[in-house]
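Just below is one structure, and these are the notes that go with it.
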Amino acid sequence: MHLVVTAHTSDGHLSYQRSSPEAALEKAEELAADGHEWIVITDITGRHYEPDEFDDLFVHPGR
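In terms of the numbering used here, the sequence shown opens at residue 164 and continues consecutively.
Here's what the structure looks like:
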């Protein structure tokens, strides 16, 4: 699975590629902890997910 985690900052975008849902969510949480506010996870189809939505759909579905 190809996923891109992006934080939009006042200095531009920071993007990181990850190969698993768990790794993508971990990176999104790390970016949030660093103070970045607008973070999205993008899948191979180009669909954007907020970290909480992504967690509910892919990491912990049915929780």
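By construction, the Cβ of each residue, glycine as well, lies at the ideal position given by its N, Cα and C atoms.
- Rounded to the nearest whole angstrom, the CA to CA distance from Y212 to D206 is 8 Å.
- Burial of A187 is indicated by the presence of at least 16 other C-beta atoms within 10 angstroms of its C-beta.
- Closest in C-alpha terms to I204, from the list R181, D174 and G175, comes R181.
- Per DSSP, the beta bridge partners of V167 are Q180 and T205.
- Looking from the CA of A191, the closest CA among P224, D174 and D218 belongs to D218.
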